[in-house]
Amino acid sequence: MNLKSNLQIVVFILAVLVSCSEPKNEAADTKEGSKSFKALPVSTEFDVVILNGRVMDPETNFDAIRNVGIKDGRIALITEESISGKETIDATGHVVAPGFMDTHWHWPRPVGYKLALRDGVTTAMDLEWGCYGPNVSKWYDMHKGRSQMNYGTGSSHEAARGVILDKIENTDSIYDVCTALAIRSLTQWATGVVDETTGNELLKTIDAGLQQGALGVSATMGYWPGATAREVFEVHKLVGRYGRFYAIHSRNTPSNATLEANGAQEMFANAAALGAPVCMNHFNNPGWELVQELIVRMREQGHIVYGEVYPYAAGSTSLNAAFIGPDNWVKKLGNKYENTLQDPITQQYYTMETYKEALAKTPTKEILLYKASPEDIPAWMALPGVLLASDAMPAAFGMWDQLPWDVSYDSLPNVHPRVSGTRAKALRIARENNIPLMQIISIASYNTAKHLGATGIKAMDERGRMQEGMIADITIFNPETVTDNSTYEKGMVPSTGIPYVLINGTIVVKDSEVLRDVFPGQPIRFEPTTESKYEEVSVDLWKDTYLVQPGEYLHDPTSCMHSIDELITQNKK
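The numbering of the sequence shown is numbering that gives the first Met the number 0, which starts it at 0 and goes up by one.
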């Protein structure tokens, strides 16, 4: 039996497990909207009505032809009866789904949002790089009233390392990946090792972002060979005090199956020890099977643990990423630049010589990195409980703020196709591989809302669901024709088959065109607080806590861990 046959069997088994794990849809027993919301009468003049669409809700497994009435930004009625409104969308032959969400979006600018909207995305968050902690409030203010889609960010671990270890003085303009050149062009953010003093500065900087309402801590740890296990543990401990997640591009990613799993195990061990939430960014790499099993088993034990996948075998990174250096990528892992490292603009693969030349001239240049088997993609899409997240990087690195909203897609420099096609490709793959449609809708919307909502993000409790009373973030697509159009050769072609997208009840995509000057996007954010949860870390304090002191004997060594027990209890409430 060949590899392809084995994969087809795996996908079939996963699809069956997905179907069996969900409640059966019996119309007589299904309530359209399980929340305590009083539906409006059919006589209401709604703001928008969506007629004759196949309404699908992953939380309840509801799946039926219905009419949907939207009023004041919410789903006010789901009914078989006739309804009318100020605007009417005929959804005959289309699926009416909860708006798609992306937890790994690095292009929070108008042109990036346009591409995401064409792919059905209603909420885009950067939970891998995030925002420099002290500037989180400024980042949210920058988007207020100017965003076509919902937006959110985490407090950046990488930015804190860069500012502290590279001694960057002007931090006013450091926000997100779009302004990361100030850090990425230096070196200590990646190779530096924090000591007791700089480690505490790091924690204070990250804590500033959490106080300002950041969704959690975002960490690109795979880029920092200088990060110690203690540093990562202490940051996880800090964010755990808030009950928020630590979203991590894990150590050793990308590499081989064993090292990838080891990176995940570090994160999961910390999460288990601290009782703190964790997200593993893009684990669609070698070793994904074990990582998924670890995630499932941890969730069975009550931990808030989840992971992201995207439907592409290649990733995207910068030339100066430590993990693609020749000592690691070539000598240690046995790869060749000639078939794994590609320039997205010229389509030429690098050699050792051209890699070194380009690294010296343009160290932050974006490249494509082929790191996994394309035959695994259908299986990734059939994993229950995962999040579909693109890891979309901006085009025109260093120029994104100058790109006009109406720039033609053809004129944009080429980038990874996941920027524009992640959701549509997942839907196409499901159609071609007999993966349940509800599974794709779930990983594209509901799973994100469920896992983030479990950490206390209230905005997530009202999204990701097609139910009465929920916020009307809605994506309408044709299940028979929806498809991605971008390729590695031409990565900026919008998806098709997604004619309508509504955000907070407002139509933003109409007849497959993104509407201009429509800004219904809302912040996805915790309420800011003045209460810091930073606690100083020191060698002396550790000794006082974990070593037997003169004149005492601890029959039960766990008695010195009362503070950890309190933390675990707090996170379980």
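Cβ coordinates follow ideal geometry from the N, Cα and C atoms, glycine included.
Please determine, among the options, the residue with the shortest C-alpha to C-alpha distance to residue i.
i: Ser419; options: Ser81, Val385 and Leu116; result: Leu116
i: Ile523; options: Gln341, Gly455, Phe476 and Ala320; result: Gly455
i: His105; options: Lys70, Thr178 and Arg160; result: Thr178
i: Phe518; options: Ala63, Tyr150 and Asn134; result: Tyr150
i: Ser431; options: Ala471, Ser407, His93 and Glu479; result: In the sequence as presented, Ser is not what sits at residue 431; that position holds Glu. Ranking the options by Cα distance to Glu431, first place goes to Glu479.
i: Asn484; options: Gly161, Ile497 and Ile473; result: Ile497
i: Lys360; options: Lys449, Leu318, Asp171 and Ala275; result: Leu318
i: Gln401; options: Val110, Phe61 and Phe36; result: Val110
i: Ser154; options: Lys370, Asn269 and Ala218; result: Ala218
i: Asn251; options: His235, Gly286, Met392 and Gly239; result: Gly286
i: Ser83; options: Val47, Asp71 and Asn60; result: Val47
i: Ala96; options: Thr102, Asp125, His103 and Asn60; result: Asn60
i: Gly225; options: Ile303, Asp206 and Phe322; result: Phe322
i: Pro325; options: Ser315, Tyr349 and Ile303; result: Tyr349
i: Ile475; options: Pro57, Ala90 and Glu58; result: Ala90
i: Trp328; options: Ser254, Glu292 and Ala260; result: Ser254
Exposed or buried, which one is residue i when buried takes at least 16 other CB atoms within 10 Å?
i: Ser81; result: exposed
i: Asp194; result: exposed
i: Thr529; result: exposed
i: Tyr545; result: exposed
i: Asn338; result: exposed
i: Met351; result: exposed
i: Gln438; result: buried
i: Lys143; result: exposed
i: Ala228; result: exposed
i: Ile64; result: exposed
i: Ala268; result: exposed
i: Glu307; result: buried
i: Gly301; result: exposed
i: Arg515; result: exposed
i: Val538; result: exposed
i: Ser20; result: For Ser20, the pLDDT reaches just 47, beneath the cut-off of 50, and the residue's location in the model is therefore unreliable, leaving the point undetermined.
i: Ile344; result: exposed
Quick check on DSSP: helix, strand or coil for residue i?
i: Gln211; result: coil
i: Pro377; result: helix
i: Glu31; result: Here the model assigns Glu31 a pLDDT of 42, short of 50, so the residue's position is not dependable and the matter cannot be decided.
i: Ala458; result: helix
i: Ala63; result: strand
i: Val110; result: helix
i: Ala218; result: strand
i: Tyr336; result: helix
i: Arg229; result: helix
i: Glu365; result: strand
i: His103; result: strand
i: Phe45; result: strand
i: Asp89; result: strand
i: Lys23; result: Any reading at Lys23 needs caution, since the residue's pLDDT is 39, under 50, leaving its predicted position unreliable; the model's value is listed next. Lys23: coil per DSSP, three-state reduction.
i: Asp118; result: coil
i: Asp539; result: helix
i: Val574; result: For residue 574 there is no data in the structure shown, the boundaries of the chain being 0 and 572.
i: Asp56; result: strand
i: Ser317; result: strand
i: Asp140; result: helix
i: Gly301; result: coil
Roughly how many whole angstroms lie between the Cα atoms of residue i and residue j?
i: Val54; j: Val295; result: 28 Å
i: Val508; j: Thr78; result: 24 Å
i: Ile247; j: Glu526; result: 23 Å
i: Gly129; j: Glu157; result: 9 Å
i: Glu31; j: Asn433; result: For Glu31, the pLDDT reaches just 42, beneath the cut-off of 50, and the residue's location in the model is therefore unreliable, leaving the point undetermined.
i: Tyr487; j: Asn280; result: 22 Å
i: Tyr552; j: Trp541; result: 17 Å
i: Asp375; j: Tyr336; result: 22 Å
i: Val536; j: Leu387; result: 36 Å
i: Ala159; j: Met380; result: 34 Å
i: Lys166; j: Ser511; result: 47 Å
i: Leu332; j: Tyr311; result: 21 Å
i: Gly68; j: Leu76; result: 5 Å
i: His415; j: Ser35; result: 43 Å
i: Arg422; j: Val547; result: 55 Å
i: Tyr369; j: Ala313; result: 4 Å
i: Leu273; j: Glu534; result: 15 Å
i: Thr354; j: Glu461; result: Per the sequence shown, the amino acid found at residue 354 is Tyr instead of Thr. Looking at the two C-alpha atoms, the distance is approximately 47 Å.
i: His450; j: Gly550; result: 47 Å
Is the Cβ of residue i closer than 8 Å to any Cβ of chain E?
i: Asp472; result: The chain labelled as chain E is not found in the depicted structure, where only one protein chain is given.
- Query: What runs of the alpha helix (DSSP H), each 4 residues or longer, lie entirely inside the region 233 to 297?
  - Reply: 256 to 273
- Task: Would you mind listing the alpha helix (DSSP H) stretches within the region 147 to 215 that are 4+ residues and don't spill past its ends, in chain order?
- Result: 156 to 164, 180 to 183, 187 to 190 and 195 to 210
- Can you give, in chain order, each stretch of the alpha helix (DSSP H) that sits fully within the region 380 to 449 and has at least 4 residues? 417 to 432 and 436 to 440
- Task: Quick one: which unbroken beta strand (DSSP E) runs of 3-plus residues sit fully inside the region 450 to 534? Chain order, please.
- Result: 473 to 476, 499 to 502 and 505 to 509
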